[in-house]
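**Student:** In my numbering, the protein residues as written are 6 to 398.
Structure below; questions to follow.
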Ligand code: SOE
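Dropping the structure here:
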C-alpha cells in the first residue's frame, strides 16, 4: 500500500464496538469536522461476534456495514485501515492478518498479552512497513493537549534534567467483591490486570515525556479479590453477575520502582482498588530546574514550577492549555473553552491519518508497543522473583 493521495477516502474497519470501540468510533466520526485532513476516513464496517448486537452498534455508531467475520473483512480490497478494539487476546491474530493483507493498523493498548505476541506483531509491522503500511498503538494519553504541551516544555529544557517521575493510574470500578468476572479480570483474555490495562498507559507516558526508557525495575502485583461472580452481561466497565463464581486470574494492583535510561528514578502505581478514584491518572516530573504535574481529572491544565530565584513569590503555577497555539487546540474552541477525554482519541486518529498521507510512521508504532510489553513483563517477573529485573533492550 503506497502513501495515500491527497483527499483520498480511506475505508475504516473497526473490530470490536464496546467501550473502546465507542471511543474510537466517536473519533473517526468527529475528526474530519474539526481538523483539515489530507485524507478522509470513512466508517465502512464494524465487526462483532453477534450479528444482532453488531447491527445495533453499526446503527448507533454510524458505520455503513456490520459484519461478524473479521477475517473476511480484513482481507477485503476496499478496506484501508483496520482499527482493533478487542480484548488483548485477539490483537496479535487480527493485527498480523491485517498487516499481511496490506492494511494500516491502529491497535488498542497494551499491544498484546505477551512479549512473544507483541514481538510477532512488531515483526509483521516492520515487514509491512517496507510496502508503506503504517501501524500505531493507541496510547491515547500522549494526545491530551496538556501532555503534548508538557512534552514540548520538557524538550525545550524548561524543567532541566529529569530526576524523578512519579506516576499513578487509580480506578475503583472493581472494589465491590461482588463485581462480576468481566474479561478485563481474566488473564487468558486480558493478559494482565491493572498492570497492562492502566499501568501500560503511565509507563508509556513516562517514557514518551522524558524520551528515556525504563531500564531496570522491581515491582509487586497483588490480587485482593480472587473469586468473583461469573459475568452475564457487560458493557464497558459495568456488568451484571450470573449464578456461580470463577477465579480472578489477573492483578488488581501493581507497584513499580524503576531506574530510567536518563538516570531518573521513577515510581508507578496502577490500581483498580483506589476507592473514590475513578480515572485518576496523575504524573509529576521533577527536574533540575523545575517540575511539571498533570492530573487527568483536570485534563486541560498543567502545573508548572520553575525556580526563578525569588523564593518569596515563586511557586507552582497553573497553565490552562486551551490556546490555539498549543498542541491540537487550533482545531477546537476559543481560549478557555475546555475539551475532554474523548478528544485524545480524535487527535490520535488525526495523527494516524496525517502519517498515512505523508508516508511516515505514526507514533507510537508497534516497536514501542513491544518495548512497553517488555516493561510489563519485567514487572511481573520482578514480582514473581521478588527482586530487580533488567528490561531487555
Ligand atoms: C479501563 O480500566 C479503561 O477503560 C482502560 O482500558 C483505558 O485504557 C483507560 O483509558 C480508561 O480505563
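Idealized CB from N, CA, C, for every residue including glycine.
Nothing here was measured: the structure is a model prediction, and the numbers come from that model.
Name the residue from 156, 229 and 378 whose alpha carbon lies nearest to the alpha carbon of residue 219.
**Tutor:** Walking along the chain shown from the start, residue 219 turns up at place 214. Of 156, 229 and 378, the residue nearest in Cα terms is 378.
**Student:** Output the distance between the C-alpha atoms of residue 79 and residue 106, rounded to the nearest integer angstrom.
**Tutor:** In the chain shown, counting from the first residue as 1, residue 79 sits at position 74. In the chain shown, counting from the first residue as 1, residue 106 sits at position 101. Here the alpha carbon of residue 79 sits roughly 7 Å from the alpha carbon of residue 106.
**Student:** What's the C-alpha gap between residue 365 and residue 132?
**Tutor:** Taking the chain shown and counting its residues from 1, one reaches residue 365 at position 360. Taking the chain shown and counting its residues from 1, one reaches residue 132 at position 127. Distance between the alpha carbons of residue 365 and residue 132: 15 Å.
**Student:** For residue 322, I'd like the list of residues in its chain whose CB is within less than 8 Å of its CB, leaving aside the five on either flank, ordered along the chain.
**Tutor:** One-based indexing of the chain shown puts residue 322 at position 317. Taken in chain order, the residues that qualify are 308, 309 and 310.
**Student:** If I measure Cβ to Cβ from residue 36 and keep anything under 6 Å in the same chain, skipping five residues before and after, which residues do I get?
**Tutor:** On the chain shown, position 31 is the one that residue 36 refers to. Only 351, 354 and 355 meet the Cβ criterion.
**Student:** What residues in its chain sit with their C-beta under 6 Å from that of residue 228, if we drop five residues either side in the sequence?
**Tutor:** Position 223 of the chain shown, counted from the first residue, corresponds to residue 228. So the list reads 253, 256 and 257, once near-sequence residues are dropped.
**Student:** According to DSSP, is residue 202 part of a helix, a strand, or is it coil?
**Tutor:** Along the chain shown, one-based indexing puts residue 202 at 197. It is helical.
**Student:** Suppose you measure from the CA of residue 217 to the CA of residue 267; what does that come to, to the nearest Å?
**Tutor:** Here residue 217 refers to the residue found at position 212 when the chain shown is read from its first residue. Here residue 267 refers to the residue found at position 262 when the chain shown is read from its first residue. Rounded to the nearest angstrom, the gap between the Cα atoms of residue 217 and residue 267 is 6 Å.
**Student:** Jot down the residue ranges of each uninterrupted beta strand (DSSP E) in the stretch 237–285, minimum 3 residues, whole runs only, in chain order.
**Tutor:** Fully enclosed beta strand (DSSP E) runs of 3 or longer: 243–252, 258–265 and 270–276.
**Student:** Is it the case that the stretch 41–50 contacts the stretch 6–22, given that we only count it when at least three CB pairs across the two stretches are under 8 Å?
**Tutor:** yes
**Student:** Give the straight-line distance between the Cα atoms of residue 50 and residue 95, rounded to the nearest whole angstrom.
**Tutor:** Taking the first residue of the chain shown as position 1, residue 50 is located at position 45. Taking the first residue of the chain shown as position 1, residue 95 is located at position 90. When the Cα atoms are used, residue 50 and residue 95 turn out to be separated by approximately 18 Å.
**Student:** Quick one: is the Cβ of residue 176 within less than 8 Å of any heavy atom of the ligand SAH?
**Tutor:** Looking for the ligand SAH in the displayed structure turns up nothing; the ligands present are the ligand SOE.
**Student:** Decide if the stretch 157–177 is in contact with the stretch 120–139; the criterion is three or more beta carbon pairs, one per stretch, under 8 Å apart.
**Tutor:** no
**Student:** Assign residue 118 to buried or exposed, taking buried as 16 or more other Cβ atoms, counted over all protein chains shown, within 10 Å of its Cβ.
**Tutor:** Indexing the chain shown from 1 puts residue 118 at position 113. By the neighbour-count rule (16 or more Cβ atoms within 10 Å), residue 118 is buried.
**Student:** So what's residue 291 in DSSP terms, helix, strand or just coil?
**Tutor:** Here residue 291 is taken as the residue at index 286 of the chain shown, counted from 1. In the structure shown, residue 291 sits in a strand (DSSP, three-state: E or B).
**Student:** Whole angstroms is fine: what's the gap from residue 236's alpha carbon to residue 242's?
**Tutor:** Sequence index remark: in the chain shown, residue 236 carries index 231 (1-based). Sequence index remark: in the chain shown, residue 242 carries index 237 (1-based). Straight-line Cα distance between these residues: approximately 12 Å.
**Student:** Tell me whether residue 29, by its Cβ, gets closer than 8 Å to a heavy atom of the ligand SOE.
**Tutor:** For the purposes of this step, residue 29 is taken as the residue at position 24 of the chain shown. The answer is no for residue 29.
**Student:** If you run the structure through DSSP and keep just helix, strand and coil, what is residue 54?
**Tutor:** On the chain shown, residue 54 is found 49 positions in, with the first residue counted as 1. Reduced to three states, the DSSP call for residue 54 is coil.
**Student:** Is residue 65 buried or exposed, if buried means 16 or more other CB atoms sit within 10 Å of its CB?
**Tutor:** Position 60 of the chain shown, counting from 1, holds the residue named residue 65. The residue in question, residue 65, is exposed, as its Cβ has fewer than 16 Cβ neighbours within 10 Å.
**Student:** Sort 395, 115 and 221 by Cα distance to residue 374 and report the nearest one.
**Tutor:** Working through the chain shown from its first residue, we reach residue 374 at position 369. It is 115 whose Cα lies nearest to the Cα of residue 374.
**Student:** Starting from the N-terminal side, write out each stretch of the alpha helix (DSSP H) that is 4 residues or longer and does not extend beyond the stretch 6–93.
**Tutor:** Runs found: 24–39, 56–66 and 75–79.
**Student:** Rounded to whole angstroms, what is the Cα-Cα separation between residue 223 and residue 213?
**Tutor:** By one-based count along the chain shown, residue 223 stands at place 218. By one-based count along the chain shown, residue 213 stands at place 208. Near 20 Å, if we compare the C-alpha coordinates of residue 213 and residue 223.
**Student:** With a cut-off of 8 Å, do at least 3 Cβ pairs link the stretch 165–179 to the stretch 283–292?
**Tutor:** yes
**Student:** Could I get the ranges of all uninterrupted beta strand (DSSP E) runs contained in the stretch 312–386, with 3 residues as the minimum, in chain order?
**Tutor:** 322–325
**Student:** Got a sec, what are the start and stop residues for the beta strand (DSSP E) residue 168 sits in?
**Tutor:** Residue numbering aside, residue 168 sits at position 163 when the chain shown is read from its first letter. It spans 167–175 - the beta strand (DSSP E) in which residue 168 sits, taken as one unbroken run.
**Student:** For residue 58 and residue 239, I'd like the C-alpha separation in whole angstroms.
**Tutor:** By one-based count along the chain shown, residue 58 stands at place 53. By one-based count along the chain shown, residue 239 stands at place 234. C-alpha separation (whole angstroms): 13 Å.
**Student:** Please classify residue 147: does DSSP put it in a helix, a strand, or coil?
**Tutor:** Against the chain shown, residue 147 aligns to sequence position 142. In the structure shown, residue 147 sits in a helix (DSSP, three-state: H, G or I).
**Student:** Considering only C-alpha positions, which residue in the set 39, 20 and 215 is nearest to residue 71?
**Tutor:** Working through the chain shown from its first residue, we reach residue 71 at position 66. If we check each option's Cα against that of residue 71, 20 comes out closest.
**Student:** Got a sec: does the ligand SOE put a non-hydrogen atom nearer than 8 Å to the Cβ of residue 89?
**Tutor:** In the chain shown, the residue the question calls residue 89 occupies position 84. Residue 89: no, Cβ never under 8 Å from the ligand SOE.
**Student:** Starting from the C-beta of residue 409, find all residues in its chain whose C-beta is less than 6 Å away, skip the five residues before and the five after it, and write them out in chain order.
**Tutor:** What is shown of the chain runs 6 to 398, which leaves residue 409 out entirely.
**Student:** Hey, residue 250 and residue 233 are a contact pair by Cβ (cut 8 Å); roughly how many whole angstroms apart?
**Tutor:** Along the chain shown, read from residue 1 onward, the residue named residue 250 stands at position 245. Along the chain shown, read from residue 1 onward, the residue named residue 233 stands at position 228. Residue 250 to residue 233, Cβ: 6 Å. Contact.
**Student:** Heavy atom of the ligand SOE less than 8 Å from the Cβ of residue 278, yes or no?
**Tutor:** One-based indexing of the chain shown puts residue 278 at position 273. Residue 278 Cβ: outside cutoff for every heavy atom of the ligand SOE.
**Student:** Please classify residue 395: does DSSP put it in a helix, a strand, or coil?
**Tutor:** In the chain shown, counting from the first residue as 1, residue 395 sits at position 390. Here residue 395 sits in strand by DSSP.
**Student:** If I measure Cβ to Cβ from residue 173 and keep anything under 6 Å in the same chain, skipping five residues before and after, which residues do I get?
**Tutor:** Numbered from 1 along the chain shown, position 168 holds the residue referred to as residue 173. The residues are 274 and 287.
**Student:** Measuring CA to CA, which of 206, 155, 199 and 205 is closest to residue 306?
**Tutor:** As a working note, residue 306 is residue 301 in the chain shown. Out of 206, 155, 199 and 205, 155 has the C-alpha closest to the C-alpha of residue 306.
**Student:** Alpha carbon to alpha carbon, how far is residue 141 from residue 83? Give it in angstroms, no decimals.
**Tutor:** Reading the chain shown from its first residue, position 78 is the one you call residue 83. Reading the chain shown from its first residue, position 136 is the one you call residue 141. About 20 Å.
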